[in-house]
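Notes for the one structure printed next.
Numbering (our numbering), first residue to last: 300 to 854.
Okay, structure coming up:
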């Protein structure tokens with residue numbers, strides 16, 4: 300079985316909701332990873348001591364204790380003495396985590412959200428089991444197999460455990476639908492639900508620039524990339540805007556395969572170096588790529604980590620792409636997923652990776668002081684780095700050069716060629732409360748359902764150019780917020796108003812046009828939401844520099 304390396308931000312995988320919805324690897328390698336080597340006398344003595352203590356606790360401690368929870372806690376605290384990305388998943392978390400980078404999972408086929416402690420169907424996935432039995436967007440799932448899913452029971456663990464299950468198994472749902480007095484009952488047969496890693500792939504208004512957004516690097520990312528890139532080329536693509544903002548990583552080989560489609564020659568894309576020579580490898584460009592000529596701009600930010608940094612950093616080192624945005628996360632450690640006998644999983648750091656110039660992207664950390672590491676992004680804001688290009692802290696001792704002689708830095712993420720400050724002017728307490736209680740999404744969902752027949756009669760381009768979120772609609776949003784016990788703050792509302800309108804319009808478009816899409820794209824949503832995005836707007840004005848970079852590279 301092929302051993303898979305994973306490249307994910309520790310900050311992301313430690314957050315429970317992210318663990319439940321995104322990131323991590325699906326390939327298991329078993330307990331024979333260490334090849335039967337002797338563990339050494341010191342390891343043997345330590346494990347004997349631990350077993351002795353656990354035995355005494357279990358036999359003689361004054362109160363009853365759960366020894367499994369003690370072991371899990373001990374492992375977690377032990378690993379904190381290593382590095383920020385070595386991590387342990389208990390069995391249930393491991394199963395959820397592994398599913399996120401696999402090509403699909405077994406379930407009922409819905410996208411859902413929780414509004415006011417109730418699970419609402421945002422959309423039934425096209426061709427999925429829920430759509431086939433007549434479940435609609437806006438339906439509220441009250442019970443699954445007689446188990447309550449509202450109130451305190453509307454939590455991620457409970458929802459996933461009741462809606463996901465083995466393919467072919469059935470789940471009986473009790474649904475509350477608007478305009479129906481009684482609950483509706485549906486029996487859904489679970490099936491494999493595909494997961495997609497590319498959110499958008501469309502031609503910009505100039506008819507020559509293709510926009511492509513990758514949310515993470517999963518089993519299917521490379522195949523998705525080739526499919527969409529081919530389609531965009533047929534539509535007249537001359538230059539590529541590759542968006543890796545917020546992409547926390549995933550499979551290294553999918554990332555390097557994508558780089559190989561964009562760079563020519565046979566050079567090194569990435570190499571790894573660790574204590575065990577079996578974990579040292581070099582990955583080279585090998586094939587004639589689909590888009591080796593033509594300008595490329597890559598968008599990054601502080602949420603771009605790991606495999607995203609391999610792509611952006613390698614393209615920068617080969618002078619193949621201009622990097623636009625903000626400094627990336629800075630994660631250059633490689634983890635090996637090791638499935639343990641009880642179904643839990645150890646994510647063990649086994650090597651560091653280096654991109655073509657020889658630089659490491661890993662930002663500094665002190666063993667045993669993970670709290671400082673995890674607050675590093677917050678510290679960037681305090682230092683002004685999010686807002687001022689001159690505040691970016693590059694280590695002058697880690698100067699490297701690209702193939703074309705440009706100076707780049709290691710030891711703390713990929714620094715963009717063109718810096719775009721973070722715009723927080725619209726982020727207010729009122730807006731955050733609207734988000735926290737899902738008011739904007741709930742309003743957009745209800746509006747889309749109430750006006751679906753009218754909206755579906757027009758083409759998206761007409762909606763994009765002509766639809767306006769009216770003052771009357773905004774008043775309805777305020778009333779919905781008030782019913783959710785959100786206090787209206789006039790000053791905050793004034794600062795956030797334009798952004799609120801943009802979010803509502805984009806979300807309505809998603810509900811109307813995404814339901815018939817079977818390849819996972821949310822083109823309509825992103826065309827609206829990024830229509831006035833500062834980083835996208837800046838990048839679109841930099842293609843002359845990207846073209847010059849590409850031309851000089853060929854000379």
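C-beta atoms are modelled at their ideal positions from N, C-alpha and C, and glycine is treated no differently.
Given the structure is predicted, the values throughout are model-derived calculations rather than measurements.
For residue j and residue i, believed in contact at Cβ under 8 Å, the rounded distance
i           : j           : result
residue 627 : residue 713 : 4 Å
residue 650 : residue 579 : 7 Å
residue 791 : residue 729 : 4 Å
residue 500 : residue 539 : Not really, about 10 Å apart at Cβ, beyond 8 Å.
residue 691 : residue 754 : The pair is not a contact, with the Cβ atoms about 44 Å apart (cut-off 8 Å).
residue 487 : residue 429 : 6 Å
Residue i burial status per 10 Å Cβ neighbour count (16 or more: buried)
i           : result
residue 638 : buried
residue 799 : buried
residue 739 : buried
residue 554 : buried
residue 803 : buried
residue 836 : exposed
residue 833 : exposed
residue 671 : exposed
residue 704 : exposed
residue 548 : buried
residue 468 : exposed
residue 498 : buried
residue 439 : buried
residue 489 : buried
residue 742 : buried
Segment limits, alpha helix (DSSP H) that includes residue i
i           : result
residue 779 : 770 to 782
residue 739 : 738 to 749
residue 556 : 551 to 561
residue 423 : Counting along the chain, residue 423 falls outside any alpha helix (DSSP H), though it belongs to the beta strand (DSSP E) covering 417 to 423.
residue 432 : 428 to 432
As assigned by DSSP and simplified to three states, the class of residue i
i           : result
residue 850 : helix
residue 604 : coil
residue 804 : helix
residue 381 : coil
residue 836 : helix
residue 342 : helix
residue 729 : helix
residue 793 : helix
residue 357 : helix
residue 444 : coil
residue 820 : coil
residue 719 : coil
residue 735 : helix
residue 452 : helix
residue 614 : helix
residue 526 : helix
residue 581 : strand
residue 809 : helix
residue 512 : strand
residue 374 : helix
residue 826 : helix
residue 620 : coil
residue 571 : strand
residue 348 : helix
residue 670 : helix
Beta-carbon proximity list for residue i, same chain, < 7 Å, skipping 5 on both sides
i           : result
residue 657 : 699
residue 543 : 513, 597, 598, 599, 603, 607, 610, 611
residue 629 : 660, 661, 662, 711, 712
residue 368 : none
Beta-carbon contacts of residue i that lie in its chain and below 8 Å, excluding the five residues immediately before and after
i           : result
residue 588 : 559, 560, 561, 562, 563
residue 725 : 794, 795, 797, 798
residue 447 : 441
residue 633 : 304, 305, 306, 551, 571, 573, 578, 648, 649, 650, 651, 652
Enclosing beta strand (DSSP E) for residue i [first to last residue]
i           : result
residue 855 : Residue 855 lies beyond the range of the chain shown here (300 to 854); nothing can be said about it.
residue 634 : 632 to 638
residue 565 : Counting along the chain, residue 565 falls outside any beta strand (DSSP E), and DSSP gives it neither H nor E.
residue 676 : Per DSSP, residue 676 belongs to no beta strand (DSSP E); it is in the alpha helix (DSSP H), 675 to 682.
residue 412 : 409 to 414
residue 493 : 490 to 493
residue 761 : First-last for residue 761: 759 to 765, but that is the alpha helix (DSSP H), not the beta strand (DSSP E).
residue 502 : 497 to 502
residue 651 : 644 to 653
Cβ shell of residue i (< 6 Å), same chain only, five flanking positions each side left out
i           : result
residue 374 : 387
Residue i at chain B interface by Cβ criterion, 8 Å
i           : result
residue 811 : Looking at the structure shown, chain B is missing, and only one protein chain is on hand.
Near the ligand MN: residue i beta-carbon under 7 Å from a heavy atom
i           : result
residue 793 : No copy of the ligand MN occurs in the structure displayed, which carries no ligand at all.
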